[in-house]
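Enquirer: So that we are looking at the same thing, I have put the structure below in structure tokens.
This is the structure:
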């Protein structure tokens, strides 16, 4: 029993020793983490995530969290008997729905994450894209081709937006403090209208505006898989584009890869898609040689 305990301590010591060079490398750098999926809905994983974020701040990294909340929005709409529909995976958002979206994202979900980080020993502050004019949005335009007539028609998704401009001033100010920003993906346009923004897209835009060293997308899959269903640990931009073109990447993985490509092209050093269901996946990716997901970089 004593030997087992000693072996466990030695293993922990080796892990800490392996992490030290990465701590030095990333000290003072900004990481943007998109938090969502199963990792956000599981209390145990949520607690571990909060502790990991606090640890990053403690070792000198500047973490910025951007979160989603689609399932929670759906549950609240159902409770309020508000019907909701989807087109191409995007929620059609009318005036009544966007009020609920903002209430859930910038209210209950945002504050739950803030509380979890604070309970783990950090100092988190909740924001939305409206705070400090962080995210100016514009209406998302999508088209759909009619299979019979082959005519494209413009889809009206209501108050669904995309980032038009990101003003990172409030985030750069907080980076000089011990405060961890937690951002709900709500934006507003120049007319003052509120827009619901896809959390992946919002996080990528924030990462680009900050010139982040790393942009992390926590998902419900291990990362990008090859045609043999094996994890691809690293991809260049060309390889990432090829994975979409040749059908290696399918379904919901395609927009995630596209978001990563956009972020890297717009100034992020590298983007990582990793499995948020794995406890401490973020730490494994950052502080170990093997990593835990798929890193997409310039080469």
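Numbering (this note's numbering), first residue to last: 6 to 304. Every residue gets a Cβ at the ideal spot worked out from N, C-alpha and C, and that includes glycine.
Whose CA, out of 224, 111, 183, 52, lies closest to the CA of residue 39?
Expert: Taking only the C-alpha atoms, the option nearest residue 39 is 224.
Enquirer: Which residue's Cα is closest to the Cα of residue 272: 28, 26, 37?
Expert: With distances taken between Cα atoms, residue 272 lies closest to 37.
Enquirer: My parser needs the alpha helix (DSSP H) runs of 4 or more residues fully inside the region 38-112; what are they?
Expert: For the region 38-112, whole alpha helix (DSSP H) runs of length 4 or above, ordered along the chain, are 43-46, 48-63, 75-84, 100-107.
Enquirer: Starting from residue 144, follow its DSSP beta bridges and name the residues at the other end.
Expert: Answer is 166.
Enquirer: Tell me which residue opens and which closes the beta strand (DSSP E) that residue 192 is part of.
Expert: Unbroken beta strand (DSSP E) run through residue 192: 191-193.
Enquirer: Drop a sphere of 10 angstroms on the beta-carbon of residue 166, count the other beta-carbons inside from all chains shown, and report buried for 16 or more, exposed for fewer.
Expert: Buried, because 16 or more other Cβ atoms sit within 10 Å of the Cβ of residue 166.
Enquirer: Report the CB separation of residue 228 from residue 278 in whole angstroms; it is logged as a contact under 8 Å.
Expert: Confirmed, Cβ separation roughly 5 Å.
Enquirer: Are residue 68 and residue 185 touching if we call contact CB-CB under 8 Å?
Expert: Contact: yes.
Enquirer: If we count the other Cβ atoms within 10 Å of its Cβ and call it buried at 16 or more, is residue 233 buried or exposed?
Expert: Exposed, since its Cβ has fewer than 16 Cβ neighbours within 10 Å.
Enquirer: Quick check on the DSSP output: what are the complete alpha helix (DSSP H) runs of length 4 or more inside the region 250-290, in order along the chain?
Expert: Listed in chain order, the complete alpha helix (DSSP H) runs (minimum 4 residues) inside the region 250-290 are 258-270.
Enquirer: Give a yes or no on whether the minimum CB-CB distance between residue 67 and chain D is below 8 Å.
Expert: In the structure shown, chain D does not exist; there is a single protein chain.
Enquirer: Mapping DSSP to helix, strand and coil, what is residue 124?
Expert: Helix.
Enquirer: Considering only C-alpha positions, which residue in the set 180, 163, 299 is nearest to residue 100?
Expert: Taking only the C-alpha atoms, the option nearest residue 100 is 163.
Enquirer: Determine the direct distance from the alpha carbon of residue 197 to that of residue 52, and round the result to whole angstroms.
Expert: Taking the straight line from one Cα to the other gives about 36 Å.
Enquirer: Which one or two residues does DSSP pair with residue 27 in a beta bridge?
Expert: None, per the DSSP bridge assignment.
Enquirer: According to DSSP, simplified to helix, strand and coil, what is residue 172?
Expert: Residue 172: coil per DSSP, three-state reduction.
Enquirer: Using only CA atoms, which one of 303, 59, 255, 170 lies nearest to residue 240?
Expert: Nearest of 303, 59, 255, 170 to residue 240, Cα basis: 303.
Enquirer: Can you have a look at residue 92 and say buried or exposed, based on whether 16 or more other CB atoms are within 10 angstroms of its CB?
Expert: Label assigned to residue 92: exposed.
Enquirer: Skipping 5 residues on each side, what residues in its chain have a beta carbon closer than 6 Å to that of residue 138?
Expert: 172.
Enquirer: Around the Cβ of residue 111, are there at least 16 other Cβ atoms within 10 angstroms (buried) or fewer (exposed)?
Expert: With 16 or more other Cβ atoms within 10 Å, it is buried.
Enquirer: Check whether the Cβ atoms of residue 118 and residue 43 lie closer than 8 Å to each other.
Expert: Contact: no.
Enquirer: If we count the other Cβ atoms within 10 Å of its Cβ and call it buried at 16 or more, is residue 129 buried or exposed?
Expert: When all chains shown are included, residue 129 counts as buried.
Enquirer: Buried or exposed: where does residue 57 fall if 16 or more other Cβ atoms within 10 Å of its Cβ makes it buried?
Expert: That one is buried.
Enquirer: Could you have a look at residue 242 and say whether DSSP puts it in helix, strand or coil?
Expert: Residue 242 falls in the helix class under three-state DSSP.
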